[in-house]
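Residue numbers (our numbering): 6 to 170.
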Amino acid sequence: MCSKLLSLVLFVPLAWTGSEVVEDRQSKMLGFGMPSIFQLMTFANGLCNNTAGDTGTCYKYSECKRKEGKANTACASGLGVCCVFQSTCRNNTSEEVSYFVNPSYPMSDSLTQVCDYRVDISRPTVIQIRLDFMEFELPGPRPFALPLEVPKASQKLLDARSEPS
6 MCSKLLSLVL FVPLAWTGSE VVEDRQSKML GFGMPSIFQL MTFANGLCNN TAGDTGTCYK
66 YSECKRKEGK ANTACASGLG VCCVFQSTCR NNTSEEVSYF VNPSYPMSDS LTQVCDYRVD
126 ISRPTVIQIR LDFMEFELPG PRPFALPLEV PKASQKLLDA RSEPS
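In structure tokens form, the structure reads like this:
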């Protein structure tokens, strides 16, 4: 496969149930049912766009770095950063949006190789994923070469690229 750039965006729709919200809220409570000070500074990890226009997820800076994302744009009124995830072969992702690129990115890659990439879906409510090819190039077809002479009825028709047996 010859591709100048293979960029694949994975959109995995996530759905939350009410019980997850209650459990999350209870885990942030201090004793006596009082919210911790950190609960006041939380925000939803929603989708965002960085300055290059790539889609990411709004995380705290430390969480983005821990998940090995790239952060460059503020989100959630400056409380978070737009964290964009990009990886290549022999990796996996559990992010809602992730960019898959060839191993030689941003250079072209003409090696023929197996490249596995796993999408981990932890929510049972997810029933499909969406793949968007942002940039994708394949080589054109090989030119067909006709034989130089018309074969006689007793001869084999040889492709100009093959060798006689």
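For glycine and all other residues, C-beta sits at the position ideal for the given N, C-alpha and C. These figures come from a predicted structure and were not determined experimentally.
Here the alpha carbon of GLY51 sits roughly 13 Å from the alpha carbon of CYS69. If you compare the alpha carbons of ILE134, TYR122, SER113 with that of PRO144, the shortest gap goes to SER113. The beta carbon of GLU100 lies closer than 7 Å to those of THR62, PHE90 in the same chain, with the five residues before and after it left out. GLN91 has TYR104 as its beta-bridge partners, per DSSP. When the Cα atoms are used, ARG71 and PRO146 turn out to be separated by approximately 44 Å.
In this structure, the straight-line span from the alpha carbon of PRO108 to that of ASN54 is close to 24 Å. Counting along the chain, no beta strand (DSSP E) covers LYS70; the unbroken alpha helix (DSSP H) around it starts and ends at 66–71.
In this structure, the beta-carbon distance from THR78 to THR60 does not fall below 8 Å. Buried is the label assigned to SER103, since at least 16 other Cβ atoms lie within 10 Å of its Cβ. For the set SER115, PHE48, ILE126, TYR110, the Cα lying nearest the Cα of SER92 is the one of TYR110. CA-CA distance, PHE48 to PRO148, rounds to 57 Å.
Counting the other CB atoms within 10 Å of its CB gives VAL106 a total of 16 or more, which places it among the buried residues. Taking a C-beta distance under 8 Å as the contact criterion, ASP125 and CYS94 do not qualify as a contact pair.
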